[in-house]
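Okay, so here's the structure we're looking at.
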Amino acid sequence: MTSNRPRIVRLVDVKDESSTVRTMTFRDDLCSKAKPGQFIMVWIPGVDEIPMSISVIKEDLAGLTVREVGEASKTLFDIKAGGTIGIRGPYGNGFTPIIGKVMIIGAGTGLAPLMPLTEILAERSASIDMIIGGKTIDEFVFVDRAKRALFKTKSRLVTTTEDGSHGIRGLATDAILPILREKSTDIIYTCGPELMMRKVFSIAQESGVPVQASLERVMKCGIGICGSCCIGKYRACKDGPVFDSPKLEEVKDEFGAFRRDHSGRIIKLSTN
Ligand SMILES: Cc1cc2nc3c(=O)[nH]c(=O)nc-3n(C[C@H](O)[C@H](O)[C@H](O)COP(=O)(O)OP(=O)(O)OC[C@H]3O[C@@H](n4cnc5c(N)ncnc54)[C@H](O)[C@@H]3O)c2cc1C
Ligand code: FES
């Protein structure tokens, strides 16, 4: 079966990660063999088709983690175990896991593609420094899953909140430099709000550490045809969604500065 072939899958389990985020697992041969960082197009009948990272990659199971933000994600969020969704994919390049000293930094549903990556890296006995950030404790997802994955490795988990309700008070990016000063790091993997990833990239550039960042753009076809996900000369669905440092350097005028809405109009990214 090719990944382009649409199929209907039944949700085996639906788990609350927070009041607005749920992880849904299903059986699908292709998705359960996906690379961490790849995504699927999820069809919600009668509503829309939206891109979702593959957040669970297990022997016979795959999963996605959805935050309810608009019509399609809210409808998806409300589907119960036993319900069905349409999927096609996996699409995109995914992260390239290395064996070495790695840093993983994510926030919100940006952690969705980072979790299977963390689990794979932990199995390979990599040394992992993981930073999970959020505005408040209520926004935290995947902390227990991260602890379980990191338990057996030479790892450290740092949590940050802007209001100090969990872990260190401040931004996730504030935790990077103290770690980089303490030990050498071979690569930084990141996914989350684009302004956070832009800051990660700047710090990493100044410190000479390569980055792989998973970017989010409006995606319609998911297979490189429609052009709705363009960033610089790249299509995020086909050439990404994971961009390494040389590619991020090429799109640095756009990365962390603006994105396009569904009609192609430029939307400036802001901290609000
Ligand atoms: C490769 C990829 C992987 C993704 N993985 C996940 C995931 O694992 N979990 C998850 O919850 N979401 C993920 N998303 C985002 C998800 O696809 C969107 O939140 C969803 O399409 C919104 O659809 P909607 O109809 O619910 O909301 P809409 O009504 O379309 O939008 C609701 C609000 O969100 C904003 N918005 C919508 N899409 C984007 C975007 N791409 N960038 C910035 N703002 C946007 C809109 O401007 C609006 O303010 C991913 C997106 C991409 C491109
Ligand atoms: S979503 Fe159509 S080209 Fe990327």
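In this note's numbering, the protein residues as written are 437 to 708. Think of the CB as a built atom: it goes at the ideal place given N, C-alpha and C, for glycine as much as any other residue.
Is it true that the CB of residue j sits closer than 8 Å to the CB of residue i?
i: G473; j: C673; result: no
i: I615; j: D697; result: no
i: S509; j: I490; result: no
i: A693; j: M632; result: no
i: I577; j: L557; result: One point to set straight first is that residue 577 is Val, not Ile, in the sequence displayed. Not in contact: V577 and L557 (Cβ atoms no closer than 8 Å).
i: G569; j: C627; result: no
i: R458; j: F513; result: yes
For residue i, is the classification buried or exposed, using 16 other Cβ atoms within 10 angstroms of its Cβ as the cut-off for buried?
i: L651; result: buried
i: F587; result: exposed
i: R605; result: exposed
i: R524; result: buried
i: L613; result: exposed
i: E618; result: exposed
i: P682; result: exposed
i: D464; result: buried
i: S789; result: Lying before the first or after the last residue shown, residue 789 is absent from the chain, which here runs from 437 to 708.
i: D675; result: buried
i: K635; result: buried
i: V505; result: exposed
i: I624; result: buried
i: T520; result: exposed
Give the DSSP bridge partners of residue i, in chain order.
i: D452; result: R458
i: F475; result: S489 and Y527
i: K510; result: According to DSSP, K510 bridges with nothing at all.
i: K537; result: S563
i: T501; result: T459
i: G518; result: Paired residues: none, contrary to the question.
Please check if any C-beta of chain B sits within less than 8 Å of the C-beta of residue i.
i: V687; result: You won't find chain B in this structure, because it holds only one protein chain.
Report the residue ranges of all beta strand (DSSP E) runs contained in full by the stretch 584 to 629; include only those spanning at least 3 residues, in chain order.
Within the stretch 584 to 629, the complete beta strand (DSSP E) runs of at least 3 residues are 591 to 597 and 623 to 627.
Start-end ranges of the alpha helix (DSSP H) lying completely within the stretch 617 to 697, minimum 4 residues
630 to 643 and 681 to 686
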